[in-house]
Amino acid sequence: MSSPALPESAVVRSSGGRRLRVTDSVYTRSLQVVALLFLALMVAFLTSMVLQSRSAFQHFGLGFITGQTWDPVHAHFGVLVFIVGTLASSAIALLLAVPIGIGTAILLAAYAPPFIKGPLSALVELLAAVPSVVYGLWGLLAVAPWVRTVLEPSLQKIPVVSAITSGPPLGIGLLLAGLILAAMVLPTITAVSRDVLASVPTEQREAAHALGATRWQMVRRAMIPTVRAGLLGAVTLGLGRALGETMAVTMVIGNNNVLPHSLIAPTQTIASVIANEFIEATEPYHLTSLVAAGLVLLVICVIVNGLARLLVWSVGRDRIQVDVV
60 MSSPALPESA
70 VVRSSGGRRL
80 RVTDSVYTRS
90 LQVVALLFLA
100 LMVAFLTSMV
110 LQSRSAFQHF
120 GLGFITGQTW
130 DPVHAHFGVL
140 VFIVGTLASS
150 AIALLLAVPI
160 GIGTAILLAA
170 YAPPFIKGPL
180 SALVELLAAV
190 PSVVYGLWGL
200 LAVAPWVRTV
210 LEPSLQKIPV
220 VSAITSGPPL
230 GIGLLLAGLI
240 LAAMVLPTIT
250 AVSRDVLASV
260 PTEQREAAHA
270 LGATRWQMVR
280 RAMIPTVRAG
290 LLGAVTLGLG
300 RALGETMAVT
310 MVIGNNNVLP
320 HSLIAPTQTI
330 ASVIANEFIE
340 ATEPYHLTSL
350 VAAGLVLLVI
360 CVIVNGLARL
370 LVWSVGRDRI
380 QVDVV
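Counting with the numbering used here, you get residues 60 to 384 for the letters of the sequence shown.
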């Protein structure tokens with residue numbers, strides 16, 4: 060007895076299901092290959108930097124990290140000055156950019172009417188696309204004179220701040236580098252924070268208003284606690300750009316290989332010293348020391364981002380535990 064023929068629609072569905080499974084399998088394998096290629100690229104990149112900087116670490120030892128002398132003429136190199144300059148300029152940038160960026164994001168997500176929200180959001184995204192060399196030129200030609208004649212003398216007149224702003228007002232220096240970095244990371248922090256705050260469900264906001272909360276109470280108690288991990292992620296992205304910024308900082312920081320004794324003193328960052336000296340590095344230890352400085356910067360970025368990821372994970376876990384309870 061012959062078996063009954065399957066309906067044509069069942070055959071089509073079966074064939075389509077097999078094609079769908081094959082497509083999913085190919086897509087999954089492709090993603091796995093791309094991920095492995097990315098991992099292999101990172102391993103090759105790190106291995107290359109370690110091999111090229113090995114002679115500098117072998118020759119100078121721990122003094123390469125703790126030394127304050129960077130003397131290409133006598134082949135003596137230490138990167139402590141540049142580590143301090145990198146961390147200090149990034150800290151100034153975050154100190155200025157985080158309150159403004161998150162405050163602007165709250166304005167765009169909860170307060171601004173549509174006719175303001177659209178143009179202001181577009182302006183923020185446009186600022187994020189400005190090349191770093193343009194920020195550097197703007198800082199050198201427009202901001203530096205104002206910092207030299209107005210900001211630094213005003214800070215030196217404040218008793219609490221004068222102790223950390225001693226020295227002649229030069230305009231260029233650590234403070235100006237922090238200001239320019241703040242302007243550069245501000246669009247990133249603002250745009251990401253705005254998107255994170257906008258992802259809070261409308262029902263959650265309306266529920267807060269229904270309980271009698273004002274708009275600020277709704278933002279503070281219903282929106283910000285929900286997306287704290289995302290806000291920390293936005294700050295982390297801004298910090299990553301500040302740590303590795305090169306051209307803009309090189310143009311405004313003063314490029315002095317000395318530990319900054321105040322906020323207005325010229326100094327250097329790891330990125331700026333590499334940009335300034337890499338082309339002229341002909342002596343072997345000079346070249347390997349620059350590569351080693353780049354490796355130190357990479358390690359700093361990995362450590363800082365790792366700590367930020369740990370903080371984001373901790374905040375997210377605490378939020379989940381509160382929701383469960």
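Note that CB positions come from ideal geometry on N, CA and C, so glycine has one too. Quick caveat, the model's predicted, so the values are computed rather than measured.
- In this structure, residue 317 and residue 326 form a Cβ contact; the two beta carbons are roughly 7 Å apart against a cut-off of 8 Å.
- With a beta-carbon spacing of about 12 Å, residue 149 and residue 238 fall beyond the 8 Å limit used to define contacts.
- DSSP, read as helix, strand or coil, puts residue 345 in helix.
- If only uninterrupted alpha helix (DSSP H) runs of at least 4 residues are considered, those enclosed by the stretch 188-228 are 191-197, 211-215, 218-221.
- Our two residues, residue 135 and residue 109, have alpha carbons roughly 20 Å apart in a direct line.
- If the five residues before and after residue 236 are omitted, its C-beta is found closer than 7 Å to the C-beta atoms of 148, 308, 311, 312, all from its own chain and listed in chain order.
- Distance between residue 126 and residue 137, taken at the CA atoms: about 4 Å.
- DSSP places residue 123 inside the alpha helix (DSSP H), whose first and last residues are 122-125.
- Look at residue 137 here: in three-state DSSP terms it is coil, with no helix or strand label.
- With at least 16 other beta carbons inside 10 angstroms of its own, residue 245 counts as buried.
- Contact fails between the stretch 161-171 and the stretch 341-358, because fewer than three Cβ pairs, one in each stretch, are under 8 Å apart.
- An exposed status is given to residue 268, since fewer than 16 other beta-carbon atoms sit within 10 Å of its beta-carbon.
- Residue 201 and residue 213 have their C-alpha atoms roughly 18 Å apart.
- Looking from the CA of residue 289, the closest CA among 103, 86, 112, 161 belongs to 161.
- Non-local C-beta neighbours of residue 340 in its own chain, meaning closer than 6 Å and more than five positions away in sequence, comprise 346, 349, ordered along the chain.
- Residue 278 and residue 263 have their C-alpha atoms some 11 Å from each other.
- For residue 263, the enclosing alpha helix (DSSP H) stretches over residues 261-269.
- Its Cα nearest to that of residue 130, the residue 332 stands out among 372, 332, 367, 296.
- If you check the CB distance, residue 183 and residue 292 do not come in under 8 Å.
- Counting along the chain, residue 294 sits inside the alpha helix (DSSP H) bounded by residues 287-303.
- Residue 231 holds the alpha-carbon nearest to the alpha-carbon of residue 208 among 231, 283, 359, 165.
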